[in-house]
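So for the sequence shown, my numbering puts the first residue at 33; every next one is plus one. Notes follow the structure.
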Amino acid sequence: YEMKVLGYNLMQAMRFAVEEINNDSSLLPSVLLGYEMVDTCYLSNNVQPVLYFLSQDDYSLPIQEDYSHYVPRVVAVIGPDNSDSAITVAHFLSLFLLPQ
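Okay, structure coming up:
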């Protein structure tokens, strides 16, 4: 299993940025940002994290006609860090009106 240094550096940069924003009350008053990071180093590994993000607290992902009022586990997704993976992820997220 090979670790991508660029992906690790991007992960650390995002973690640092979120912590800096949360620690400065003048930036987003009364708002606390959170994050979850998952490994999508390989194209075949993209679907599982997306399904997790789209699921609800009970890990269910209901089939609905209209997702405009659906509340997933996350409100946005940042990444993946390459175009092929981002396209795969975007197809799933767009069905649930979730920004990437």
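Heads up, the beta-carbon is just placed ideally off N, CA and C, and yes, glycines get one too.
Here DSSP, grouped into helix, strand and coil, assigns F128 to coil. A108 and P131 do touch by the CB rule: their CB atoms are close to 5 Å apart, below 8 Å. Between the alpha carbons of V103 and Q88 lies a distance of about 7 Å.
Judged by their CB atoms, D113 and L65 are not nearer to each other than the 8 Å cut-off. Its chain contains no residue whose beta carbon lies nearer than 6 Å to that of P94 once the 5 sequence neighbours on both sides are disregarded.
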